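Have a look at the structure below, then the notes.
There are 2 protein chains.
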Amino acid sequence: MTDTETSSSQLAPTLSAVAKRAGVSSITVSRVVRLPDLVAPETRARVEKAMRELGYVPNLVAGALASAKTNSVGVLVPTIANSIFADTVQGLSDKLEPLGYSVILAQSRYDAAREDRMLAALLSRRPEAIIMVGSPATEDGKRLLRHARIPIVETWELPIDPIDAVAGFDNYEAGVAVARHFIAQGRQHLAFIGGDDPRGTRRWLGFHDHALASGLRPPRRLILERNASGSVAAHANLPGVDAVFAANDAHAIGFMAGLRKAGLLRDGPASAQPVAVIGLGDLEMGRLISPSLSTISVHGDAIGRTAATLTLERGGERRIDLGFELVLRDSG
Amino acid sequence: MTDTETSSSQLAPTLSAVAKRAGVSSITVSRVVRLPDLVAPETRARVEKAMRELGYVPNLVAGALASAKTNSVGVLVPTIANSIFADTVQGLSDKLEPLGYSVILAQSRYDAAREDRMLAALLSRRPEAIIMVGSPATEDGKRLLRHARIPIVETWELPIDPIDAVAGFDNYEAGVAVARHFIAQGRQHLAFIGGDDPRGTRRWLGFHDHALASGLRPPRRLILERNASGSVAAHANLPGVDAVFAANDAHAIGFMAGLRKAGLLRDGPASAQPVAVIGLGDLEMGRLISPSLSTISVHGDAIGRTAATLTLERGGERRIDLGFELVLRDSG
DNA sequence: ATTGCTTATGATAGCGCTGTCATCAGAAAT
DNA sequence: ATTTCTGATGACAGCGCTATCATAAGCAAT
Chain A
2 MTDTETSSSQ
12 LAPTLSAVAK
22 RAGVSSITVS
32 RVVRLPDLVA
42 PETRARVEKA
52 MRELGYVPNL
62 VAGALASAKT
72 NSVGVLVPTI
82 ANSIFADTVQ
92 GLSDKLEPLG
102 YSVILAQSRY
112 DAAREDRMLA
122 ALLSRRPEAI
132 IMVGSPATED
142 GKRLLRHARI
152 PIVETWELPI
162 DPIDAVAGFD
172 NYEAGVAVAR
182 HFIAQGRQHL
192 AFIGGDDPRG
202 TRRWLGFHDH
212 ALASGLRPPR
222 RLILERNASG
232 SVAAHANLPG
242 VDAVFAANDA
252 HAIGFMAGLR
262 KAGLLRDGPA
272 SAQPVAVIGL
282 GDLEMGRLIS
292 PSLSTISVHG
302 DAIGRTAATL
312 TLERGGERRI
322 DLGFELVLRD
332 SG
Chain B
2 MTDTETSSSQ
12 LAPTLSAVAK
22 RAGVSSITVS
32 RVVRLPDLVA
42 PETRARVEKA
52 MRELGYVPNL
62 VAGALASAKT
72 NSVGVLVPTI
82 ANSIFADTVQ
92 GLSDKLEPLG
102 YSVILAQSRY
112 DAAREDRMLA
122 ALLSRRPEAI
132 IMVGSPATED
142 GKRLLRHARI
152 PIVETWELPI
162 DPIDAVAGFD
172 NYEAGVAVAR
182 HFIAQGRQHL
192 AFIGGDDPRG
202 TRRWLGFHDH
212 ALASGLRPPR
222 RLILERNASG
232 SVAAHANLPG
242 VDAVFAANDA
252 HAIGFMAGLR
262 KAGLLRDGPA
272 SAQPVAVIGL
282 GDLEMGRLIS
292 PSLSTISVHG
302 DAIGRTAATL
312 TLERGGERRI
322 DLGFELVLRD
332 SG
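Taken in order, these protein sequences are the chains called A and B. Under the numbering used here, the first residue of the first sequence carries the number 2, and numbering increases by one thereafter. Under the numbering used here, the first residue of the second sequence carries the number 2, and numbering increases by one thereafter.
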């Protein structure tokens, strides 16, 4: 018998199976797992041996029910692929996993109905907190969260009326900052390209309002699919534009590819660009391409880590502005 | 009283609270949630009203314990940020979420010990399957999975001795394909840059073996940090090299940035490049930059969706090779 | 009237743990 | 010798559900 854990039923061994084998009560086995200091060394050794021999893996589902603690957090993002939200998920899970929390991940795909379903699905697993990108799109979603009586962290925004805690930055001000920079550069004809999700729209609003307030003609806005390829052709729809704010770096890089084809991209500094381009996200890639991409840098992983902290500590500041940074390189 | 669900204790309402309010037994409420067809329409309406009034959210933790079905799958990836694995996670969760499964996500961070811990943590939540990138790095990890008696899907590789199911492609052959292409192009001095994780190493091996078998001098191998910035400087360490296979597109783009600085990058076609570069992953960005990036295209999302299918269907082919494609553009 | 079948509902017993007391030595303090 | 405390262990109930079997009513067929 090479595998001591063979034979016996197909079923996973339980606490009491281990207990029986070690000649102790099951509560003692439970303590060996959770509070080993309360168990005498010899007993502990005996129990640990039995656990090894049986290949015991604790059943956290049962544990969670009994203790009313699931040690899990629900995380809801619009999408995880090709997205800066992955940084946030990484940040929060790096903080949470070592503490024994598991991350239950759900994607809304920018769909309000799916978001509500995912929220309900998450909540029925009784996570100890919910971290989401943005705010619930519907009143139903908000009510669900408000009644859950667990920490809720909204991220990537600074909602006026948050459900509970917030870790984000001011998308409106990001738009303002870009517009201000373009204007200081002497650009006259501004445009905004990107999605029309809530955060993109806030950026657009800030961009738009500041341009108007500075006496410019209203900027143009082009709503694009979420993949960058559409932005390659965007330039054709923006005649006369000399400065573009892209809602994310992927769109910015796509747009620059279009400019290159049109012969409107220089390898020189921003001042030499016929059309200035600024993105958002500060993808590593933006630093590497030529001309290098100017961008609004936001710290996606810091948002995740901060959100994690907010789920762990009740009390203290519940609204954290992580800010952003206008990083100027050669594109704009 | 605007909120009917207020007052009453702080505790979340249970099945039997709903039952009492609706004047039925709790099992009937359970049926309304799971098997509504078994309940008479009027009874169902009464129960649904009570659920709404109380703001009832089913407790899947209890349900899972009672039914021995958690409706969850554990997913283990090395990392999720800036990574093509995000596509795989998206693919599998798009397939699984509509079926009522939740994704429990864990990251190993390319650390064998952390991987083992995460595997044990996942397993203790009794997922109905585990999907992971690659194979467990340790024997302990393998044993854990083998004893779990649930579907296990290893992805992004085609291990010789899989634990259960596999959805991936042949990394060795990808290396061979790139070497073959370089050689056909008349390149003489090959190099490989990238990480030394198992998949990267397989690619290197194929690349190396094929170069040798074709009579070339042994390719050089440069092991880099996981972020692309290191690859910018890589060229200095590879004098005389005229063709580079980067283990992923980010490294390839970083390397090209270095070449550009060194004046070794042309906007022309591959034949005009002093140093040919081929990446792996087929990032959208690679298409957009100039010169456009040649790459091994792998379908990360298809891997995820296939893995999901493999967890749902026992029986049938358990080893699926999704293949790869050498996509030739201007960089090599 | 009896049997059999279907539909709608309920009673009961757990699922595998943990919280909350007990219990019982043995040591220390009175 | 008695009390008190500490350390180690256990008994027991119960977390909120579901599986399983039972029950009752209604109705058709014998």
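Where a beta carbon is used, it is the ideal one built from N, C-alpha and C, also for glycine. Given the structure is predicted, the values throughout are model-derived calculations rather than measurements.
Against residue i, what residues of chain A qualify as contacts under a CB-to-CB distance less than 7 angstroms, listed in chain order?
i         : result
SER125(B) : VAL58, PRO59, ASN60, LEU61
LEU289(B) : ALA229, VAL233, ILE254, GLY255, ALA258
Which residues share a DSSP beta bridge with residue i?
i         : result
ASP322(B) : GLY169(B)
GLN108(B) : VAL78(B)
ARG221(B) : ALA192(B)
ALA18(A)  : ALA18(A) pairs with nothing; no bridge assigned.
PHE86(B)  : Answer by DSSP bridge pairing: none, since PHE86(B) is not bridged.
PHE183(B) : Its beta-bridge partners do not exist; DSSP assigns none.
LEU281(B) : ILE297(B)
ILE153(B) : ILE131(B)
ALA1(A)   : Residue coverage of chain A in this structure runs from 2 to 333, which leaves residue 1(A) outside it and unanswerable.
PHE256(A) : BP columns for PHE256(A) are empty, so no partner.
SER73(A)  : SER103(A)
Which chain A residues sit within Cβ distance under 8 angstroms of residue i?
i         : result
ASP302(B) : ALA82
ALA65(B)  : VAL62
ASP88(B)  : ALA82, ASN83
THR71(B)  : VAL62
Find out if the Cβ-Cβ distance for the pair residue i, residue j is shorter than 7 angstroms.
i         : j         : result
VAL179(B) : PHE256(B) : no
THR421(A) : PRO152(A) : A question about residue 421(A) goes unanswered here, because the residues of chain A that appear run from 2 up to 333.
ASN72(A)  : GLY101(A) : yes
SER291(B) : ILE279(B) : no
ALA251(A) : ALA273(A) : no
ASP117(A) : THR139(A) : yes
LEU93(B)  : GLY305(B) : yes
ARG244(A) : PHE183(A) : In the sequence as presented, Arg is not what sits at residue 244(A); that position holds Ala. Taking 7 angstroms as the Cβ cut-off, ALA244(A) and PHE183(A) qualify as a contacting pair.
TYR111(A) : PRO79(A)  : yes
VAL167(A) : ARG320(A) : yes
LEU97(B)  : ALA309(B) : yes
ALA63(A)  : ARG47(A)  : no
ILE254(A) : LEU289(B) : yes
ALA303(A) : ILE81(B)  : no
PRO199(B) : HIS209(B) : no
ILE105(B) : SER84(A)  : no
ARG147(A) : ILE164(A) : yes
ALA175(B) : ARG222(B) : no
ALA263(B) : VAL233(B) : no
GLY169(B) : LEU123(B) : no
GLY207(A) : VAL242(A) : no
Can you tell which of the options has its C-alpha closest to the C-alpha of residue i?
i         : options                                    : result
HIS297(B) : LEU323(B), ASP141(B), LEU124(B)            : The question names His, but residue 297(B) in the sequence shown is Ile. Among LEU323(B), ASP141(B), LEU124(B), the Cα nearest to that of ILE297(B) belongs to LEU323(B).
LEU284(B) : GLY269(B), ASN249(B), PRO275(B)            : ASN249(B)
ALA18(B)  : ALA41(B), PRO42(B), LYS50(B), GLU43(B)     : LYS50(B)
ARG150(B) : ALA130(B), ARG32(B), LEU123(B)             : ALA130(B)
PHE335(A) : LEU281(A), ARG288(A), SER332(A), GLY333(A) : Outside the shown range of chain A (2 to 333) lies residue 335(A), about which nothing can therefore be said.
ALA113(A) : LYS143(A), PRO99(A), MET286(A)             : LYS143(A)
ALA67(A)  : SER31(A), GLY231(A), ARG115(A)             : SER31(A)
SER293(B) : ARG315(B), HIS300(B), GLY269(B)            : GLY269(B)
ASP331(A) : ASP302(A), GLU314(A), ALA277(A), MET286(A) : ALA277(A)
LYS70(B)  : GLY301(A), GLY264(A), HIS190(A), ARG126(A) : ARG126(A)
GLY301(B) : SER136(B), ARG45(B), GLU158(B)             : GLU158(B)
ARG218(B) : LEU225(B), GLY196(B), HIS190(B)            : HIS190(B)
VAL25(A)  : ARG45(A), LEU12(A), ARG35(A)               : ARG45(A)
Run through chain A and tell me which residues come within less than 9 angstroms of residue i, C-beta to C-beta.
i         : result
ASN228(B) : GLU285
SER94(B)  : ILE81, LEU106, ALA107, GLN108
List the residues of chain B whose Cβ lies closer than 9 angstroms to the Cβ of residue i, in chain order.
i        : result
GLU49(A) : Near GLU49(A) there are no residues of chain B at all, since even the closest Cβ is about 15 angstroms away, more than 9 angstroms.
GLU98(A) : ALA107, GLN108, ARG115, ARG118, MET119, ALA122
Going along the region 247 to 278 of chain B in order, which residues come within less than 8 angstroms of chain A, judged by CB to CB distance? ALA251, ILE254, GLY255, MET257, ALA258, ARG261
Contact list for the region 126 to 137 of chain B against chain A, Cβ threshold 7 angstroms: ARG126, ARG127
For the region 104 to 122 of chain B, which residues have a CB atom closer than 9 angstroms to at least one CB atom of chain A, in sequence order? VAL104, ILE105, LEU106, ALA107, GLN108, ARG110, ARG115, ARG118, MET119, ALA121, ALA122
Interface positions of the region 208 to 240 of chain A facing chain B (Cβ-Cβ less than 9 angstroms), listed along the chain: ASN228, ALA229, SER230, SER232, VAL233
Interface positions of the region 177 to 189 of chain A facing chain B (Cβ-Cβ less than 7 angstroms), listed along the chain: none
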